[in-house]
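**Q**
Right, here's the structure in full:
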C-alpha cells in the first residue's frame, strides 16, 4: 500500500514538474484574474464603441476603439498564460514551449489587428468618397493583397523566433516557388490581372461593357473573375486574365453618344419643303436640353426616295434615357412632317413596259 501511494505521489510530482501544488494554485489564480480583467475591460470599451466611432472624434481614437472592441480571446489567454508562468520555476524546455505559444498567439492577434486596420482605413475612405464606383470596385482586391502580405510577414517573424533559418527557407522557397508558379500559373494570372484592373481601372462596377460577344453591366470585380449581368438577366462570369486579353468596349464612360437617323421622303415632295427640312429637324433636336445637334443633310438620292441623314449627340448617355430621347425626337419628326403634309417614302419599284414590244409578242 505504501509503495502504491509513493508511486502516485511521484507521478503527481512529475506531472507538476516538481513544483508545489500551492504555486500552481497561485499561478492559476493569477492567470484567471488577468484573463477576467482583460475580458471585462474589452467588453466595457466595446459597449462604448459607438461613442468612439463618432466621426467628430479623431481618427486615431476611432481606430483604437475599433481595434479594442474587436480583440479576440486568444490575446487574453496569451497574456494570462505569460503572467501565470512568471511565478513558476518551470524547466527550460517547458519555458520555451510556453514562451513560443505566447508569442504565436500574440502574433495571431497582431495579424487580426492589422487586417482590421486595413479594413477600417478602406471603409473610412469609402465613406469619404461616397458613391465612388472606381474605388468600391478595388476594395476587395486591395484588402486581399494587404491581408496576404500581413500574414506572410507574420509567419516569417514567427518562424524566425522559433529558431528557423528563414534565409535558407526563403532561398528554398525561391526554387520551389518556380514550380508552384508553373502549377498555379492560371490562378496567378487571374490574380495579377485583377491587380491590373484595380490599378489601371479600365472599367468599374456599374459600367456597361461589350467583351467579344458578351454584353452586360459589371456587378462584381473579384480576385479571379469579373461578373456581368446581361440584358436578358443571366449572369456572365469571365476570367480576369481573359478580359485583359480581349477587346473591351466600355459604354459606361461615354461623355456623349451619336444618334444617326435616316429619313426617306417620296420624290413627289415639293422642293421648298425639302429645303426647309434640315432647319426644321435642327429645331426639333434643339428642343431637348440633353441633345446636341450636329448636322442634317440631303445625303443621297435613293432608288425610290430622297434620303436625309440627321446626326445629333446625347449628353451623358444612359441606355434608357438615350432611347427615351431618341423616341421623343422621332415622335416630333413624325408630327411635324404630317402637319406639313409630307409623306414618308415606302420601298417601291417602278416597272416600265414597252407597249409596242408587248403587242408584237402577242
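Numbering (my numbering), first residue to last: 11 to 372. Heads up, the beta-carbon is just placed ideally off N, CA and C, and yes, glycines get one too. Every value quoted in this text rests on a predicted model; they were computed, and no experiment measured them.
1) Check the DSSP bridge columns for residue 232 and list the partner residues they point to.
2) Relative to the alpha-carbon of residue 339, which residue among 216, 291, 219, 116 has its alpha-carbon at the smallest distance?
3) Along the beta strand (DSSP E) that carries residue 311, what are the first and last residues, could you check?
4) Per DSSP, what are the beta-bridge partners of residue 318 in this structure?
5) Counting only the same chain and skipping the five closest in sequence on each side, list residues whose C-beta sits under 6 Å from that of residue 356.
6) Less than 6 Å between C-beta atoms, sequence neighbours within five positions excluded: which residues of the same chain meet that for residue 296?
7) In terms of residue numbering, what span does the alpha helix (DSSP H) encompassing residue 257 cover?
8) Can you check which of these residues, 107, 109, 157, is closest to residue 129 by C-alpha distance?
9) Can you name, in chain order, every residue of its own chain whose Cβ lies under 7 Å from the Cβ of residue 353, other than the five neighbours on each side?
10) Apart from the five residues just before and just after residue 38, which ones in its own chain have a Cβ nearer than 8 Å to its Cβ?
11) Around the C-beta of residue 349, are 16 or more other C-beta atoms found within 10 angstroms, so that it is buried, or is it exposed?
12) Do residue 308 and residue 284 have their CB atoms nearer than 8 Å?
13) Roughly how many angstroms separate the alpha carbons of residue 288 and residue 306, rounded to a whole number?
14) Assess, as a yes-or-no matter, whether the stretch 210-230 is touched by the stretch 239-252 under the definition of 3 or more beta carbon pairs within less than 8 Å.
15) Looking at the secondary structure, which residues open and close the alpha helix (DSSP H) in which residue 220 lies?
16) Using the Cα positions of residue 199 and residue 124, report the straight-line distance between them to the nearest angstrom.
17) If you count every other CB in all the chains shown that lies within 10 Å of the CB of residue 72, and 16 or more means buried, which is it?
18) In this structure, does DSSP put residue 215 in helix, strand or coil?
19) Thinking C-alpha only, which one of 220, 218, 321, 263 is nearest residue 269?
20) Within its chain, find whatever has a CB closer than 7 Å to the CB of residue 317; leave out the 5 residues flanking it on each side and keep chain order.
21) Excluding the 5 residues flanking residue 154 on each side, which residues of the same chain have their C-beta closer than 8 Å to its C-beta?
22) In its own chain, which residues sit with a C-beta less than 7 Å from the C-beta of residue 84, not counting the 5 before and 5 after it?
23) Could you check whether residue 219 and residue 235 sit closer than 8 Å to each other, using their CB atoms as the reference points?
24) Quickly, what does DSSP pair residue 227 with across the bridge? List them, please.
25) Less than 6 Å between C-beta atoms, sequence neighbours within five positions excluded: which residues of the same chain meet that for residue 19?
26) Which of the three DSSP states is assigned to residue 174 in this structure?
**A** The structure says:
1) The partner list for residue 232 (beta bridge, DSSP) is empty, contrary to what the question assumes.
2) 291
3) 301-311
4) DSSP lists 273, 308 as partners of residue 318.
5) none
6) 303
7) According to the DSSP assignment, residue 257 belongs to no alpha helix (DSSP H), since it is labelled neither H nor E.
8) 157
9) 276
10) 94
11) That one is exposed.
12) Between residue 308 and residue 284, the CB-CB gap stays under 8 Å.
13) One C-alpha to the other measures close to 5 Å.
14) yes
15) It is not in any alpha helix (DSSP H) - residue 220 instead sits in the beta strand (DSSP E) that spans 218-221.
16) If I take the Cα positions, the gap works out to 27 Å.
17) buried
18) coil
19) 321
20) 272, 274, 309, 310
21) 233
22) Closer than 7 Å at Cβ, skipping near neighbours: 115, 118, 119.
23) no
24) 218, 239
25) Only weak support exists for where residue 19 lies, its pLDDT of 43 falling under 50; the value from the coordinates is given anyway. So the list is empty, once near-sequence residues are dropped.
26) coil
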